[in-house]
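Heads up, the sequence shown is in the numbering used here, so the first residue is 701 and it goes up one at a time.
For glycine and all other residues, C-beta sits at the position ideal for the given N, C-alpha and C.
Below: the structure, in structure tokens.
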Amino acid sequence: MKKNIFYLLILNFYLLSCSKYELDFNKFNEYAPTVEFALPLAYSNLKITSLVNNNKENSRVDGSNLIHVLIRDDSTFEYTNNKITEIKSQTLTSVDTILGFVEVGNENLNKSISLQSLLPDLNATNRNVLNMLNGTTNVFPAISDSTKTIQKFTTLNNFSLIYVKSGSLSFDLTNFLPTTIDSIVFDIYNTSSNKLVFSSVTLSNILSNQKKSVILNIKEGTVLDNVFSYKIRRLKTRASSGIVPINLNDNFSINLMLLNLKLGAGLAKLPSQTIQSFTRSANVSANALGERFFNIAFDTAETFMQGLSSINYPLEIKIKFLNATKNNTEFPEQTLSIPPQQAFNYKAIDFSKVQFLFDRNSLLSNTVDFEIKINIIGSDINYVAFDSSQRLNFNLRLASAKLLYVVGIIKDTTSTYLSRDINNTELKNISSGFAFDSATLTVNSKNSIGVPFIIDLSLNGINADQTAFLRDRFTPFQINTPIVPNDVTPFNYSNLTFATTQHVFSNYGENRGKINEFVSLPAITGTINAKVNINTERDFISFGAIGQKLYIGTLLDIPLILNARNVVLTDTIKFESNSFEGLDSLVLGLKIENGFPFKSDVKIYFINASNTIVDSSVISGVLTPSAINSDGKTIAPSTSQSSFSLSKTQINNLINQKANNIVVKATFFTPNDGTSQVKIYNDYFMNIKFGVITKITLSN
């Protein structure tokens, strides 16, 4: 019996099509020799129930016992929300900046200046007086003098040579002499160039054991090395008011402190510091989603940093994303490393399971704000050459991103096209001539994506032999959205349910005739297509999650109400031709009680193992249709009897060419030459009797 239900339902009327009785003429040996006699060979009581009960998925019987063929696909289309949750690769920020002016640490220079150290530069009178009073208790003399020798400070540690943008020099003097210094004037030099840096640095009226200070601004463009020197342009002391101990070891001390230096170039040990600090914004946009997000959470997302640094120092970039959380806590500041003087390209930040909350009332609701700090990673070991014009450029790019969750105003301006071959084995195996009525197409959907979709369906059928083509599009319809439980969060969808939608296209409304035309087409190929759009008729707040899906299933329900003309079906019955040996003639007879409303012409072929036709005979009007009522239902079966003869020559031809199959080819019509419709009901039946009448020449 053929597996195809269309084939069986239409072919069941045909002789022996399900019984498959093998013709066995060896049964003659069970009878006494006689010249002429008849034998029954096969009998079948075929009911339509035997064709449908074993395949509930592909058929059903309605309340009137009318049989429906079902072409069912519970998952014709499966649409995931990957598209609407994919974030396109995009640049979050690009930075192109210079190093700029950098800071160097504060540094001190100390010097203790004793009377003994001043003696060589003092005039002879002052030198003799101080030598004479050394070690005595007396009135400290009034001195007014200057020095000629330039004296060095110790070497500075933080730089070797620098170009100063700004900064200051703090000059302190503490008087340990036993009398008041009326005034003292210094000149400050850079030693290597012997260049005067500060001229006439003056301090006045410094009492014994008192400290006085002066702050000097360093001019922009000043070049400093790491060795400072000084010369006392004038020293004036006051005579003490009484006798005091006088000793050449008595001294005053000076302290130089370089403060708040900003450098434009040089060779220095730079401390860790922030050289740039600014805020940036990035518009996070999706491949298909609209202009405004209120809440997004990434399922997976990575950022990549690519750039080039000509700065001699290693850098770090610190990025703080505002309104970002992970695991219900603030998303921490991210630190990215930049190597010195080279190009770089690496994975930077992992946004997986990071959630951003935006201002619903802002026109920039899907804008990510973040703060960037560019820091020097300091070193106190080696001097490094630097210049404020050295550059850093980089971009931070979001890639490989999928949204786990999104709430916002969502619009999809693109369409997703889906196509699926229809499970139409039944349609492919039907020859031309059928026309069905009252078929329906039911579309069932299950949607767990929080977006209402518009589905636009079409059916395609193509038959290459007849160059027939059918393409019909149906009225678009909407798929509902699921109800979102209150406890659904971006990372918990355990309570999320499916929303179901059913849409039926019938032949009694806007799509009348389209489905019937499709199922009636003897299609070699059949497809169902869907264009999926997010509903753009209105703005709406929605959500999505990785793994959520829209399932679209289809059901073609085809009641067996049909007409047919010149429909040809075949069946094959095995037999052994050598069983005919010794027969003078052979008459094959058929008696059929038909409960189906068809008539048919039958042609019988004898073929061999090579599928070569050995002989053929024609019997017309073998099958007459049953009587039907006004509803097209059988009310009384018809009885048909037919026979055909084989001569001895034909019998020998079958034996010699080893015929081993009988092929039955039936051409049938519904009433009125195929123009009237018939209905196939569940209680239809067919009784078939196949017999043989033969003559035998008995041998001695």
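Under the three-state reduction of DSSP output, residue 1152 falls in the coil class, being neither helix nor strand. Excluding its 5 nearest sequence neighbours in each direction, residue 1204 has C-beta neighbours in its own chain below 7 Å: 1140 and 1142, listed in chain order.
DSSP, read as helix, strand or coil, puts residue 984 in coil. Residue 1219 is positioned such that its CB atom lies no closer than 7 Å to that of residue 1155.
In the three-state DSSP reduction, residue 762 falls in the coil class, being neither helix nor strand. Within its own chain, the residues whose Cβ lies closer than 7 Å to the Cβ of residue 1020, once the five positions on either side in sequence are excluded, are 1033, 1070 and 1071, listed in chain order. Classified as exposed, residue 1274 has fewer than 16 neighbouring CB atoms from the shown chains inside 10 Å of its CB. Judged by DSSP secondary structure, residue 817 falls within the alpha helix (DSSP H) whose first and last residues are 815-818. In this structure, the alpha-carbon of residue 929 lies about 31 Å from that of residue 1076.
Collapsing the DSSP output to three states places residue 1296 in coil.
Beta-bridge annotation (DSSP): residue 1219 is not paired with any residue. Between the segment 1275-1286 and the segment 798-810 there are fewer than three C-beta pairs closer than 8 Å, too few to call the two in contact.
Non-local C-beta neighbours of residue 888 in its own chain, meaning closer than 7 Å and more than five positions away in sequence, comprise 897, 898, 901, 928 and 930, ordered along the chain.
For the pair residue 961 and residue 1078, the CB atoms are not nearer than the 7 Å cut-off.
The alpha carbon of residue 917 has as its nearest neighbour, out of 1153, 957 and 935, the alpha carbon of 957. For residue 968, the three-state secondary structure derived from DSSP is strand. Under the Cβ criterion (8 Å, minimum of three pairs), the segment 846-857 does not count as touching the segment 904-918. In the assembly as shown, residue 1081 is an exposed residue. Its beta-carbon has fewer than 16 other beta-carbons within 10 Å. Assignment of residue 903 by DSSP, reduced to helix, strand and coil, places it in the strand class. Exposed is the label assigned to residue 1349, since fewer than 16 other Cβ atoms lie within 10 Å of its Cβ.
Take the alpha-carbon of residue 1256 and the one of residue 1178: they are about 20 Å apart. For residue 838, the enclosing beta strand (DSSP E) starts and ends at 837-839.
The segment 1375-1384 and the segment 1341-1359 do not touch, with fewer than 3 CB-CB distances between them shorter than 8 Å.
Residue pairing by DSSP puts residue 780 in a beta bridge opposite 1249. Residue 1350 carries a helical assignment under DSSP once its states are collapsed to helix, strand and coil. Distance check between residue 1147 and each of 1296, 1253 and 1198 places 1198 closest, using alpha-carbon atoms only. Nearest neighbour of residue 950 by Cα position, chosen from 1096, 835, 1101 and 1217, turns out to be 835. Distance from the CA atom of residue 1176 to the CA atom of residue 769, rounded to whole angstroms, is 26 Å. Between residue 1297 and residue 1378, the gap from beta carbon to beta carbon is short of 7 Å.
Judged by DSSP in its simplified three-state form, residue 821 adopts helix. Annotation: the continuous beta strand (DSSP E) that includes residue 889 extends over 881-890. The beta-carbon distance between residue 908 and residue 873, rounded to whole angstroms, is 12 Å. This is too long to meet the 8 Å contact definition. Here DSSP, grouped into helix, strand and coil, assigns residue 960 to strand.
DSSP lists 979 and 1020 as the bridge partner or partners of residue 1071. With contacts defined by Cβ atoms closer than 7 Å, residue 792 and residue 982 form a contacting pair. Spanning the alpha carbons of residue 1331 and residue 1117 requires a straight line of approximately 43 Å.
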